[in-house]
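Engineer:
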Amino acid sequence: MDVAACANLLRNGGLIAYPTEGVWGLGCDPRDEAAVLRLLALKQRDVAKGLILIASAEAQLAPFIDTASLAESQLAEVRASWPGPNTWIVPASKAAPRWITGAHDGIAVRVTAHPLVRALCDGFGGALVSTSANIASEPSPRTREELDPRIVVGVDAVSGGETLGRAQPSTIRDARSGVTLR
3 MDVAACANLL RNGGLIAYPT EGVWGLGCDP RDEAAVLRLL ALKQRDVAKG LILIASAEAQ
63 LAPFIDTASL AESQLAEVRA SWPGPNTWIV PASKAAPRWI TGAHDGIAVR VTAHPLVRAL
123 CDGFGGALVS TSANIASEPS PRTREELDPR IVVGVDAVSG GETLGRAQPS TIRDARSGVT
183 LR
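Quick note, the sequence shown lines up with residues 3 to 184 if you use the numbering used here.
This is the structure in structure tokens:
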């Protein structure tokens, strides 16, 4: 399915599977609680764990993050790593939904370098949920052919495209502590 059709599905509460830097991901509108809960049920993932948001630009993440709570040096390190396969845990804004942050006061965010995902975010008009397109604790698919049939039937569309060939999912670091979590 093309970018415009996927973006339209997202605006209407749909779930999509799409390639990211290293693995295939699942996405939806992070402000749509029903869509997020449907995605979590499909993955069999606990809402308390939280989810990553992916964007084409930091401005798309602005409603969800509290950059004022970071030191200038911390914020500079985050910004220097984008766009790219670098996810950061940053302070969540008061507007960040609990179905995205889970049991945490931070939120995981990334500005991607993947051209298809950037186009999806721009076509949708904002950040998207980005979590691996697998059932919890099962291997993350690196190709479209590796998508679990249970995932494929549970989404509204599978986009075209391929991953950028990265061997692993994005790195996850905590912007406040500097600790690498993945």
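Here a beta-carbon is modelled for each residue, glycine too, at the ideal position from N, C-alpha and C.
These figures come from a predicted structure and were not determined experimentally.
Using only CA atoms, which one of Arg120, Leu53, Ala82, Arg168 lies nearest to Ile109?
Structural biologist: Numbered from its first residue, the sequence shown carries residue 109 at position 107. Ranking the options by Cα distance to Ile109, first place goes to Leu53.
Engineer: Could you give the residue range of the alpha helix (DSSP H) that holds Ile153?
Structural biologist: In the sequence shown, the residue the question calls residue 153 occupies position 151. Here the alpha helix (DSSP H) through Ile153 covers 151-156.
Engineer: Counting pairs of beta carbons, one from the stretch 122-135 and one from the stretch 59-79, are three or more of them closer than 8 Å?
Structural biologist: Output reads yes: the stretch 59-79 touches the stretch 122-135.
Engineer: Look at the alpha carbon of Gly29 and the alpha carbon of Thr133, and state the distance between them as a whole number of angstroms.
Structural biologist: For the purposes of this step, residue 29 is taken as the residue at position 27 of the sequence shown. For the purposes of this step, residue 133 is taken as the residue at position 131 of the sequence shown. Going by the C-alpha atoms only, they are around 7 Å apart.
Engineer: Near Glu164, what residues of its chain come up, given a Cβ to Cβ distance below 8 Å and the 5 sequence neighbours on each side ignored?
Structural biologist: Along the sequence shown, one-based indexing puts residue 164 at 162. So the list reads Pro21, Thr145, Arg146, once near-sequence residues are dropped.
Engineer: Just list the residues that DSSP pairs Arg112 with in beta bridges.
Structural biologist: The residue labelled residue 112 in the question sits at position 110 within the sequence shown. According to DSSP, Arg112 bridges with Ile56.
Engineer: Considering Ser134, what are the terminal residues of the beta strand (DSSP E) in which it resides?
Structural biologist: Residue numbering aside, residue 134 sits at position 132 when the sequence shown is read from its first letter. It spans 130-134 - the beta strand (DSSP E) in which Ser134 sits, taken as one unbroken run.
Engineer: How far does the beta strand (DSSP E) with Asn88 in it extend, from its first residue to its last?
Structural biologist: Counted from its first residue, the sequence shown places residue 88 at position 86. 88-93 is the span of the beta strand (DSSP E), which, as asked, contains Asn88.
Engineer: Just to confirm before moving on: does the CB-CB distance between Ile18 and Ala115 stay below 8 Å?
Structural biologist: For the purposes of this step, residue 18 is taken as residue 16 along the sequence shown, with counting starting at 1. For the purposes of this step, residue 115 is taken as residue 113 along the sequence shown, with counting starting at 1. Cβ atoms of Ile18 and Ala115: not closer than 8 Å.
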